[in-house]
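So the sequence shown is residues 863 to 1606, counted in this note's numbering. Where is the CB? At the ideal position from N, CA and C, for every residue including glycine. Quick caveat: nothing in here was measured; it's all calculated off a predicted structure.
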Amino acid sequence: LRYIPPGYLVMEKCGPAAGWGFRKSVMYASRASAHELKVLVDSLKTVPRLAQSPEVKAMEHIVEDAVKKRAQELRTLLQRHNYRYYVLNEPEVDDFVYDELFRELERLEEAHPVLRTPTSPTQRVGSPISSEFTAYTHRMPMLSLQNAMEPESLIDFDARIRRQLPTLEPESPLQYVAEPKFDGLALELVYENGQLTVGSTRGNGAVGENITPNVRTIRSIPLNLESTKRPVPKLLEVRGEVYMRKDDFLRLNERRDAQGLPTYQNPRNTAAGSLRQLDSSITAKRPLRFFAYAMGTLEGYEGPVIQTQLDVLDALRDWKFPVFRDIAAHNGPGLVIDYWQHMLDTRHDLPMEIDGVVVKVNKLDLQNQLGQVSRSPRWAIAMKFPPEQKTTVVRDITITVGRTGALTPSAVLAPVLVGGVTVTKATLHNEDEIRRKDIRIGDHVLVQRAGDVIPEVVKVIVEKRSGDLIPFVMPTVCPACGTPAVRPHGEAVARCGNLVNCPAQIRQGIIHWCSRGALDIDGLGEKLVDQFVTVGYVQTVADLYRLTHAQLTDLERIGDKTAQNLLDAIEESRTRPLHRALFGLGIRLVGAHVAEVLASHFCTIERIATATYDELISVHEIGDKVAQSIRTYFSDPKVIELLEKLRQGRFVFEEIDNTAPTDAIKGKDLTGTTWVFTGALERFTRDEAAAIVKGLGGKASGSVSKKTSVVVAGPGAGSKLAKAEALGVTVMTEAEFVDHLGID
Ligand code: IVH
């Protein structure tokens, strides 16, 4: 018995097989696939007389072998075609051939589940939903980049670096590698012994999310490393950017539109959203791609030495990662600026969006000498492109009434594509801004969008004005309730003078109460709030807590189940932490952070409501304006009535017990020490932590100086942490702080 790939079987001396047609010494050749042979053997085994026969046993072995070989062959073929298609952009076979090979491998793996390795090309289709991503700690932190907004800043960057490298010859220019700054999201890939084992997001730089199943679905990412050009290392970390091509993005939106689904905003957010799906089979259906631009850890590597960023990119290319073609080294900053200009001029011809150029010192030993400041390397900088600008026409100027009654004018624009997003509206901020820019209905204007920021009008194209346009006049009354608008002297914003029953403010206030950062009432969005307000169910947030099942199911499009879910979500919101309720009330100048500060200082809503102005401003981080705003709010009898109604509706304002942590650490004495808390803390708010320090005789301060004893830094810490590092001040994590004080 002998198997001759790709699928010929020659059976010699196949007997005794009386009963199904074979004779001794008969040669039989079949053009069967490995899978069909397996089916044949299985059917032979069902014949009682043959099941145990040595011939069938031998055949079974051979078929198993053949199947294994064929599976390996198919994997190699598919990997090769993937690479040619997604990385080199030079496919060798058409989709039909690829699909055939793919299905053949799928069938083999179905029949022989042991063959289904995690790095098989069939595993790119995603796996069942996971409930959440787990945290992944990067071996080396993933840094971010300092930004340069004008190309000229590169001259300063070059000078700064040169000062830090005293061994450099004054005349010889430094060599820089310039690359596009891909507008996607950062990804780290870990390969152990050539196998992809982890894919993770950047997260806060130190800890990201493990999104391996999603990463496997990205076709341009190799699942295992194979190279004839360079040995594969024991451990390799590759960093790069996941993105969506502009044409793929448009096609995806066309498909969604045809299916009656809402379309996506822009390629970057869509790529980010697609990559962070808990159901990786959704990720698999999105056209995500990858560009590699850096290495993290490299261990057990025995190939040609890697000494420069260009070497890094070459190695990555050899290991078959997609690396952008047009990357080169340039001598000195002048040539890099030329590259930047070239990319700016040609960015629209690129298949993907880029938002600047990243410049890196080419030599890795110089990179090491330069090191990093805070979370960015000193040896690299991002030269951003100026935001894209387009001209369009102002069709109308409308006024929206915000939660705090602010009247904000917006320009309604003829739709225009700016930086990959269709813009139909732009904020005009306030009356003075409109006057300063002299924006009139009918004007041609230049609009821009920088990153995710709301579009804005840069200026009027006066040459295109036809002469008969009437200047805009800000309304003197609220468009929603007709109450005269008030614009206090010295302030830019006009506000509706109706503090309690302006329908627009009520609506916005309720939407805010239900929002994520506030009471987080799942499923209660703008549309439902509108409906509740229109039918008169809800006039204040207190009314939400009196809604009944019958009332809800009376409304259009609300069934039993939706009604129950809503009531459950409302029920759940009754017992949220105090600071969320406080934020939810929508007091002017009381954002999420100030709400936390107030809650942890005063502990109950009564104490906050009755705190005097002096008591309020004595709290760290509460200033004059915030204190005044809080006083004004709680002096309003309608507010007192609202709180009372909330309580009657069984809404619970949390009462914080702040005696516990300080009791537990009575022994410590921090007299003479000054502490600064920065970044996000988990166990305490910064204010609570400061209160603990004060309770133990220490001082808490908002800024870092030489006199600071300790800086406690949580994730997201920025300039304060950098300053502490620069001054050599002790830095602790929150866990170390807790440890230091012996809090349990
Ligand atoms: S290098 C230490 N190269 O920009 C330098 N980053 O703010 C680390 N990015 O999170 C990054 N294109 O996601 C590098 N060619 C490129 C890049 C690039 C885009 C992103 C990356 C990073 C962010 C830096």
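TYR1619 by DSSP, collapsed to three states: which one?
Nothing in the structure corresponds to residue 1619, since the chain is present only between 863 and 1606.
Should HIS943 be labelled buried (16 or more other beta-carbon atoms within 10 Å of its own) or exposed?
As a first step, residue 943 is located in the sequence shown; it is residue number 81 there, counting from the start. With 16 or more other Cβ atoms inside 10 Å of its own Cβ, HIS943 counts as buried.
Suppose the cutoff is 8 Å on Cβ atoms and the five residues either side in sequence are ignored; what does the same chain contact list for LEU1228 look like?
Numbered from its first residue, the sequence shown carries residue 1228 at position 366. Closer than 8 Å at Cβ, skipping near neighbours: LEU1027, LEU1036 and TRP1241.
Cβ neighbour criterion (16 or more within 10 Å) applied to ARG885:
Start at 1 with the first residue of the sequence shown, and residue 885 comes out as number 23. With a pLDDT of 32 at ARG885, under the threshold of 50, the predicted position of this residue should be treated as unreliable, though the coordinate-derived value follows. Counting the other Cβ atoms within 10 Å of the Cβ of ARG885 gives fewer than 16, which makes it exposed.
Cα-Cα separation between ASP1422 and ILE1383, rounded to whole angstroms:
Residue numbering aside, residue 1422 sits at position 560 when the sequence shown is read from its first letter. Residue numbering aside, residue 1383 sits at position 521 when the sequence shown is read from its first letter. Cα to Cα, ASP1422 sits roughly 18 Å from ILE1383.
For ASN1086, I'd like the list of residues in its chain whose CB is within less than 6 Å of its CB, leaving aside the five on either flank, ordered along the chain.
The residue you call residue 1086 lines up with position 224 of the sequence shown. Contacts found: THR981, GLY1056 and GLN1057.
For ARG1512, which three-state DSSP category applies?
For the purposes of this step, residue 1512 is identified with residue 650 of the sequence shown, where counting begins at 1. Correct three-state label for ARG1512: coil.
Using 8 Å for Cβ pairs, my map puts ALA1021 next to ILE1243. What's the rounded Cβ distance?
Position 159 of the sequence shown, counted from the start, is the residue given in the question as residue 1021. Position 381 of the sequence shown, counted from the start, is the residue given in the question as residue 1243. The beta-carbon separation of ALA1021 and ILE1243, rounded to 12 Å, does not stay under the 8 Å limit for a contact.
Can you find at least 3 beta carbon pairs, one from the region 1045-1055 and one from the region 1084-1103, that sit closer than 8 Å?
The region 1045-1055 is in contact with the region 1084-1103.
If you check the beta carbons only, do ARG1265 and HIS1441 fall under 8 Å apart?
Walking along the sequence shown from the start, residue 1265 turns up at place 403. Walking along the sequence shown from the start, residue 1441 turns up at place 579. Contact: no.
From the beta carbon of ASN1128, is the nearest beta carbon of chain E less than 8 Å away?
This model lacks chain E altogether; it includes just one protein chain.
Within the present structure, is the beta-carbon of LYS1246 separated from the nearest heavy atom of the ligand IVH by less than 7 Å?
Translated into the one-based positions of the sequence shown, residue 1246 becomes position 384. For LYS1246, the shortest separation between its Cβ and any heavy atom of the ligand IVH does not lie below 7 Å.
Please find out if some non-hydrogen atom of the ligand IVH comes closer than 7 Å to the beta-carbon of ASP1043.
One-based indexing of the sequence shown puts residue 1043 at position 181. Residue identity differs from the one stated: residue 1043 is Lys in this sequence, not Asp. Remark: the C-beta of LYS1043 is in contact range of the ligand IVH, defined as less than 7 Å to any heavy atom.
Tell me the rounded alpha-carbon separation between ASP1045 and THR1208.
In the sequence shown, the residue the question calls residue 1045 occupies position 183. In the sequence shown, the residue the question calls residue 1208 occupies position 346. About 15 Å.
Quick one: Cα of ILE1301 to Cα of VAL1280, how far?
If you number the sequence shown from 1, residue 1301 lands on position 439. If you number the sequence shown from 1, residue 1280 lands on position 418. Those two C-alpha atoms are separated by around 19 Å.
Rounded to whole angstroms, what's the CA-CA distance from TYR998 to GLU917? Just pull it up for me.
Along the sequence shown, read from residue 1 onward, the residue named residue 998 stands at position 136. Along the sequence shown, read from residue 1 onward, the residue named residue 917 stands at position 55. Computed Cα separation, rounded: 53 Å.
Run through DSSP, which three-state label would ALA1273 get?
In the sequence shown, the residue the question calls residue 1273 occupies position 411. Residue state, collapsed to three classes: strand.
So for GLY1590, helix, strand or coil by DSSP?
On the sequence shown, residue 1590 is found 728 positions in, with the first residue counted as 1. Note: GLY1590 maps to coil in three-state DSSP.
Count the other C-beta atoms from every protein chain shown that fall within 10 angstroms of the C-beta of MET1002, then say buried if there are 16 or more, exposed otherwise.
Residue mapping note: residue 1002 aligns to position 140 of the sequence shown, counting from 1. Residue burial is scored here from C-beta neighbours: MET1002 has fewer than 16 other C-beta atoms within 10 angstroms and is therefore classed as exposed.
Measuring only from the beta carbon, is LEU1047 closer than 7 Å to any heavy atom that is part of the ligand IVH?
The residue you call residue 1047 lines up with position 185 of the sequence shown. Checking the Cβ of LEU1047 against the ligand IVH gives yes.
Shortest alpha-carbon distance to PHE1153 belongs to which of PRO1184, ASP1119 and PRO1239?
Residue mapping note: residue 1153 aligns to position 291 of the sequence shown, counting from 1. Among PRO1184, ASP1119 and PRO1239, the Cα nearest to that of PHE1153 is on PRO1184.
I want to check one thing, is the minimum distance from the CB of GLU1103 to the heavy atoms of the ligand IVH below 7 Å?
Walking along the sequence shown from the start, residue 1103 turns up at place 241. The answer is yes for GLU1103.
Mind checking whether the beta-carbon of LEU1051 lies closer than 7 Å to any heavy atom of the ligand IVH?
If you number the sequence shown from 1, residue 1051 lands on position 189. False, no ligand heavy atom lies under 7 Å from that Cβ.
Between the Cα of ILE1261 and the Cα atoms of GLY1344, LEU1308 and GLY1196, which residue gives the shortest distance?
In the sequence shown, residue 1261 corresponds to position 399, counting from 1. Of the listed residues, the one whose Cα sits closest to ILE1261 is GLY1344.
Looking at the ligand IVH, does it come within less than 7 Å of SER1006, judged from the CB to the closest heavy atom?
In the sequence shown, residue 1006 corresponds to position 144, counting from 1. SER1006 Cβ: within cutoff of the ligand IVH.
Pick out whichever of VAL1514, GLY1359 and THR1254 has its Cα sitting closest to the Cα of ILE1323.
Stepping through the sequence shown from its first residue, residue 1323 is reached at position 461. Answer by Cα proximity: THR1254.
Whole angstroms are fine: how far does the CA of LEU1112 sit from the CA of ASP1119?
Position 257 of the sequence shown, counting from 1, holds the residue named residue 1119. Position 250 of the sequence shown, counting from 1, holds the residue named residue 1112. If you draw a straight line from the Cα of ASP1119 to the Cα of LEU1112, it is about 10 Å long.
Unbroken alpha helix (DSSP H) run spanning ALA1021, endpoints
Within the sequence shown, the letter at position 159 stands for residue 1021. Looking at the DSSP string, the run of the alpha helix (DSSP H) that includes ALA1021 is 1015-1026.
May I ask you to check if the CB of TYR1155 is nearer than 7 Å to at least one heavy atom of the ligand IVH?
Stepping through the sequence shown from its first residue, residue 1155 is reached at position 293. True, at least one ligand heavy atom lies under 7 Å from that Cβ.
Sorry if obvious, but does the Cβ on ARG1179 come closer than 7 Å to a heavy atom of the ligand IVH?
The residue you call residue 1179 lines up with position 317 of the sequence shown. ARG1179: no, Cβ never under 7 Å from the ligand IVH.
Flag PRO1346 as yes when its Cβ comes closer than 7 Å to any non-hydrogen atom of the ligand IVH, and as no otherwise.
Stepping through the sequence shown from its first residue, residue 1346 is reached at position 484. No.
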